[in-house]
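**Q**
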Amino acid sequence: MKPRLFHSVAAWRQARAGADFAGRTVGFVPTMGALHAGHRALLERARAENERVVLSVFVNPTQFNDPADLAKYPRTLAEDVALADGLATDVFAPPPEEMYPDRYRYRVTELEASRELEGAHRPGHFDGVLTVVLKLLNLVQPTRAYFGEKDWQQLALVRGMVDALFLPCAIVACPTVREEDGLAMSSRNRRLAPADRARAAAFPRLLRAATPEAAAQALRDAGFAVDYVAERDGVRLGAVHLGGVRLIDNVRL
Ligand code: PAF
């Protein structure tokens, strides 16, 4: 069945309070759109575990520290809704001014883990992520929310926020979905030129070198500009640039 589409916060809140949701479990998949097979896997899991599935499509301006990156972010709502057909029951796609009536005067800040790795290279990024996730969780009131392990640091920070603020929602981590050649699925992959796309497949393989230092060197030798390679909790994380596109990934050691 085609999902219902909501473009305004008011219409969404009215639907959420209605009979369709009464007494039902709700799975939530928050996204910025440009959906791919990784998002489909989140939606499928949510579909299997809940009576209703809400997909949000919102390119969140506060998590972009680079305005050019925000401008270039693909916006493909019609295709996203088509991909969600039969999986999501509802799609929530609000405009930025409705999500930020306070003009971002109120925000969620985590003071430790959000400052390293991605946070060190993208100042303010996780304030934007945590703030919008909190707003979305308040609006959707899901039983379970689904996040991909590819964004490992984001997943850890969202879990931390849900625990710290006693939010009544389970966070479900889903394994990274990869292309046949090993590259992690990402909305950014479509911005890689064909030659860079072929080279990008080496990223997860080189990340598995004996040490983080060896991995960083192997990546540089293969033509990647390396932001960081680091280990946390038995996971090796990396961020690189290739042909003007920034890629992140992680592998369990
Ligand atoms: O992972 C993403 O797509 C975004 O960071 C999220 C969680 C939807 C918040 O905008």
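80 is the number of the first residue of the sequence shown in the working numbering; add one for each residue after it.
Note that beta-carbon positions come from the ideal geometry of N, C-alpha and C, so glycine has one too.
1) Can you say whether M264 is buried or exposed, counting buried as having 16 or more other CB atoms within 10 angstroms of its CB?
2) Can at least three beta-carbon pairs, one atom from the stretch 272-282 and one from the stretch 317-328, be found at a separation below 8 Å?
3) Hey, is Q233 close to the ligand PAF, as in C-beta under 7 Å from one of its heavy atoms?
4) Grab the span of the alpha helix (DSSP H) containing D260 for me, first residue to last.
5) So that I know if they touch, is there some Cβ in chain D lying closer than 8 Å to that of S193?
6) What does DSSP give as the partner residue(s) for C253 in the beta ladder?
7) Determine, using beta carbons only, whether A235 and A192 come nearer to each other than 8 Å.
8) To test your reading of the DSSP string, which unbroken alpha helix (DSSP H) runs of 4 or more residues are found completely within the stretch 98-132?
9) Assign L23 to one of three DSSP states: helix, strand, or coil.
10) Find the nearest neighbour of E158 within the set R124, A113, P140, P146, judged by alpha-carbon distance.
11) Evaluate G261 with the Cβ neighbour count: other Cβ atoms within 10 Å of its Cβ, from every protein chain shown; 16 or more gives buried, anything less gives exposed.
12) From T110, C253, E195, F245, pick the residue whose C-alpha is nearest to that of L215; which is it?
13) For E310, list the residues DSSP reports as bridge partners.
14) Specify which residues have a beta carbon nearer than 6 Å to any heavy atom of the ligand PAF, listing them in chain order.
**A** According to the data block:
1) Note on M264: 16 or more other CB atoms within 10 angstroms of its CB, so buried under the neighbour-count rule.
2) Under the Cβ criterion (8 Å, minimum of three pairs), the stretch 272-282 counts as touching the stretch 317-328.
3) Because some heavy atom of the ligand PAF lies under 7 Å away, the Cβ of Q233 counts as near it: yes.
4) Where D260 is concerned, there is no enclosing alpha helix (DSSP H), because DSSP gives it neither an H nor an E.
5) Here there is only one protein chain, and chain D is not present.
6) Under the DSSP definition of a beta bridge, C253 partners with G227.
7) Result yes, Cβ atoms of A235 and A192 sit closer than 8 Å.
8) Listed in chain order, they are 116-128.
9) Within the shown structure, residues of the chain are numbered from 80 to 332, placing residue 23 beyond reach of any answer.
10) It is A113.
11) By the beta-carbon neighbour count (other beta carbons within 10 angstroms, threshold 16), G261 is exposed.
12) L215 has its Cα closest to that of T110, out of T110, C253, E195, F245.
13) Answer by DSSP bridge pairing, in chain order: R315.
14) Counting only beta-carbon distances shorter than 6 Å to the non-hydrogen atoms of the ligand PAF, the qualifying residues in chain order are P109, T110, M111, N139, Q142, V208, V211, V212, D230, Q233.
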